[in-house]
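Student: The following block contains the structure, expressed as structure tokens.
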Amino acid sequence: MRPYNVLLLTLALLFAFSNAVLAVTPATVTAVNNEANYKRSLRAAETTTNSVDDEERGLVSGYSKVMDKAHLLKMRLGANKEINFKDAAVAKIAKAEKAVENAKLAEAAKLAKAEAKATAKADKVAKAAEKAKAAKVAKAAKADAAKAAKLAKAEAAAAAKVAKEEKDMARVKKLVDGWTAELVSPKKPPRRPTMRPYYVLLLTLTLLFAFTNAAPEDTSDTARSLTAVNNEGNSKRSLRITDPTEEDEERLLNLGQLTDKIKLAKMRRSGAKEIKAVDKAKAVEAAKAAKLVKATEQAKEERSMVTGWLNKLITPEKAYKDLGLTGLGARATGSKNYRIYEDYLPQYHQRVDAFF
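Mapped onto mature numbering (1 follows the signal peptide of the UniProt record, and there is no 0), the consecutive letters of the sequence shown carry residue numbers -23 to -1, 1 to 333.
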């Protein structure tokens, strides 16, 4: 506030100069007046100075208080601003942490859902595989039972055929025994030399009878029965008109034995063929069953290996290397392990898609 002091001094100087200029009045009066005026001026100046000082001190004090209040308000504003900034930062951090936690929970839920889905799918595939395997085993067992029944039927047919052959052999032997009894009977009239052509006819018919009985195996039973009846009738007619001799009787006996041997050899050969065919069929069925069991075990091992790879998420490159296909080059597609690799590849991609 010093400009007021300057103003005061300026007024005092002007007053002094005005008194000096206006010296037209007597010196005493002027001096007294000047002294009085000067005193009044001094008192006025002192009063003014005191007022100005008081005012200056009041203004300075008010200004200081205002500045203090402004500084305090500024500090409070800065503190509030800093607090608000910190609160905003804390809220932002809390929000970010909550978002991260929610993302983790969502990811965990997604992974759990994918894992549950993959587990359900694996269980479904396993059940389908078990069902298919059970159906395949049941089908194989049914086929084995059917084949066993077929073999039993073939054995029964072979046994029936052998029994029939034995029965036919017994009937032929009985017939030959009857012929022999008729030939050696003493009641027959003596031989007549003129009847030898009939002996030749008898021998021819007997040989024809033996050959017809030794017909191929595909000849029907009805045809054989008819042939036997016809031969029996022809033989009886020939015997009725033939008078045998001792030499004829001996030859006829030898012929009967030869026929028996032929029939027996035929029966043995037929039985051996049937037994051989049955044994061969059994061996073929056993080989097929062993091959089926081996293929089933191999398929089971392959499924177990592929399931282990899927559970560990083995990469196709690693599986390709483990199957030994890396060193084969272009020949890898011809390997039997390449089929396992082709089966594993889509399952791996499907499992990865289910997880991610």
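Built from N, CA and C at the ideal position, the CB exists for glycine as well.
1. Expressed to the nearest angstrom, what Euclidean distance is found between the alpha-carbon atoms of residue 120 and residue 298?
2. Express the C-alpha separation of residue 287 and residue 343 in angstroms, rounding to a whole number.
3. Are the beta-carbon atoms of residue 131 and residue 270 separated by less than 8 Å?
4. Anyone know if the C-beta pair for residue 296 and residue 321 falls short of 8 Å?
5. Is the CB-CB distance between residue 300 and residue 318 below 8 Å?
6. If you compare alpha carbons, which of 147, 289, 39, 53 is closest to residue 244?
7. Using the rule of at least 16 other Cβ atoms within 10 Å of the residue's Cβ for burial, across every protein chain shown, is residue -7 buried or exposed?
8. Count the other C-beta atoms from every protein chain shown that fall within 10 angstroms of the C-beta of residue 240, then say buried if there are 16 or more, exposed otherwise.
9. Short check: CB of residue 128 to CB of residue 258, under 8 Å?
10. For my contact list, residue 302 and residue 328 are in at a C-beta cut-off of 8 Å; report their separation, rounded to the angstrom.
11. Rounded to a whole number of angstroms, what is the C-alpha to C-alpha distance between residue 281 and residue 102?
12. Which word fits residue -14, buried or exposed, when buried means at least 16 other C-beta atoms lie within 10 angstroms of its C-beta?
13. Quick test of your reading: residue 251 and residue 135, contact by CB under 8 Å. State the CB separation rounded to the nearest angstrom.
14. Let me confirm a value: residue 179 is counted as buried when at least 16 other C-beta atoms fall within 10 Å, else exposed. Which label applies?
15. Just mark residue 62 as buried or exposed, buried being the case when its beta carbon has 16 or more other beta carbons within 10 Å.
16. If you reduce the DSSP assignment to three classes, tell me which class residue 302 lands in.
17. Please identify the residue among 140, 14, 78 whose C-alpha is closest to the C-alpha of residue -5.
18. Use the C-beta contact count for residue 183: other C-beta atoms within 10 angstroms, 16 or more gives buried, fewer gives exposed.
19. For residue 139, which residues of its own chain have a beta-carbon under 7 Å away from its beta-carbon, when the five flanking residues on both sides are left out?
20. On the CB-based measure, 16 or more other CB atoms within 10 Å of its CB, does residue 236 come out buried or exposed?
21. Can you give me the C-alpha to C-alpha distance between residue 84 and residue 93, rounded to a whole angstrom?
22. Just the C-alpha distance for residue 39 and residue 47, rounded to the nearest angstrom, thanks.
23. Going along the chain, which residues of its own chain have a beta-carbon closer than 8 Å to the beta-carbon of residue 283, five neighbours each way excluded?
Tutor: Well, looking at it:
1. Spanning the two alpha carbons is a distance of roughly 40 Å.
2. Not covered by the structure: residue 343. The range shown for the chain is -23 to 333.
3. One thing to note: residue 131 has its Cβ no nearer than 8 Å to the Cβ of residue 270.
4. At the C-beta level, residue 296 and residue 321 come within 8 Å of one another.
5. Note that the C-beta distance between residue 300 and residue 318 is below 8 Å.
6. 147
7. exposed
8. Buried: at least 16 other Cβ atoms inside 10 Å.
9. In contact: residue 128 and residue 258 (Cβ atoms closer than 8 Å).
10. So it is not a contact: roughly 21 Å between Cβ atoms.
11. 12 Å
12. exposed
13. 4 Å
14. buried
15. exposed
16. coil
17. Considering only alpha carbons, the answer is 14.
18. buried
19. Cβ within range, chain order: 244, 248.
20. buried
21. 14 Å
22. CA-to-CA, the gap between residue 39 and residue 47 works out to about 12 Å.
23. 317, 320, 321, 324
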